[in-house]
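Peer 1: Take the sequence shown: its position 43, counting from 1, is numbered 42 in numbering that gives the first Met the number 0, and each next residue is one higher. Below: one structure in structure tokens.
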Amino acid sequence: MPTPELNQVFARQVILPNVGVEGQQKLASSTLFLAGEGTAFQSAATALASVGVSRILALNPAGFDPSSLSSPHPDFKAEALSPSLPVLPAASLYLVVTERDGFRRELSRRLKRVSRPSLFGWCAGSGYALFLTRHRGGCPCLECFEVLNP
Numbered sequence: 000m001p002t003p004e005l006n007q008v009f010a011r012q013v014i015l016p017n018v019g020v021e022g023q024q025k026l027a028s029s030t031l032f033l034a035g036e037g038t039a040f041q042s043a044a045t046a047l048a049s050v051g052v053s054r055i056l057a058l059n060p061a062g063f064d065p066s067s068l069s070s071p072h073p074d075f076k077a078e079a080l081s082p083s084l085p086v087l088p089a090a091s092l093y094l095v096v097t098e099r100d101g102f103r104r105e106l107s108r109r110l111k112r113v114s115r116p117s118l119f120g121w122c123a124g125s126g127y128a129l130f131l132t133r134h135r136g137g138c139p140c141l142e143c144f145e146v147l148n149p
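Structure representation (structure tokens):
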């Protein structure tokens, strides 16, 4: 639970009606799984650390140095995971930002099997595509989305 001092650090977020103290507490107690590579991956990792997430589990096939992140959260931890990870760790949310469609689909299949909420992002045309799934009861899954929306 964030202390009053920590709420002061995140004062600009706490005053937002959709965040508030309760939302900041959720961020402070959350573990996020982040997979991907490149600038989008690094930007997401930096943003998540800066908003007060307490733990980031990073799956980056190219290698990732967790010491590159800093956070005002006193208990912040970032951990690099092995790309050959047999079982996905428990997390509050799974965020996948990758241009590699094979990697994106592999993670989607794994997340679908364990019914985990997931957010996928990738470049599409002149913008960025985002797809959120709860993976409850099967589809819509990322692969169905990509087939229906090539």
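We put the beta carbon where it would ideally sit given N, CA and C, even for glycine. None of these values were measured; they are calculated from a predicted model.
1) G35 bridges to which residues according to DSSP?
2) Just how far apart, CA to CA, sit A34 and L129?
3) So what does DSSP say about R108, is it helix, strand or coil?
4) Are the stretch 80 to 92 and the stretch 107 to 118 touching by the rule of at least three beta carbon pairs closer than 8 Å?
5) Taking three-plus beta-carbon pairs below 8 Å as touching, is the stretch 43 to 63 in contact with the stretch 80 to 87?
6) Taking the alpha carbon of E142 as the reference point, which residue from G124, S125, E105 has its own alpha carbon closest?
7) By Cβ distance, which residues of its chain are closer than 8 Å to M0, with the 5 residues on each side in sequence left out?
8) State the CB to CB distance for the pair A39 and L68, rounded to an integer number of angstroms; the pair is presumed to be in contact (CB under 8 Å).
9) Helix, strand or coil, according to DSSP, for L87 in the structure here?
10) What three-state label does DSSP hand L58 in the structure shown?
11) Considering only the alpha carbon of each residue, which of T45, Q41, R99, E21 lies closest to C122?
12) Where L110 and S70 are concerned, what is the direct C-alpha to C-alpha distance, given to the nearest angstrom?
13) Going by beta carbon distance, what residues of the same chain come within less than 6 Å of P88, once the five residues before and after it are set aside?
Peer 2: Taking the coordinates as given:
1) Note: G35 is bridge-paired with V96 in the DSSP secondary-structure output.
2) 14 Å
3) DSSP, reduced to helix, strand and coil, places R108 within a helical segment of the structure shown.
4) yes
5) Segments in contact, yes.
6) E105
7) Only weak support exists for where M0 lies, its pLDDT of 49 falling under 50; the value from the coordinates is given anyway. Non-local C-beta neighbours of M0 in its own chain, meaning closer than 8 Å and more than five positions away in sequence, comprise Q24, A27, S28, ordered along the chain.
8) Going by Cβ atoms, the distance from A39 to L68 rounds to 15 Å, so no, they are not a contact pair.
9) DSSP places L87 in coil when its eight states are reduced to three.
10) strand
11) R99
12) Counting only the Cα atoms, S70 lies some 27 Å from L110.
13) Around P88: L56.
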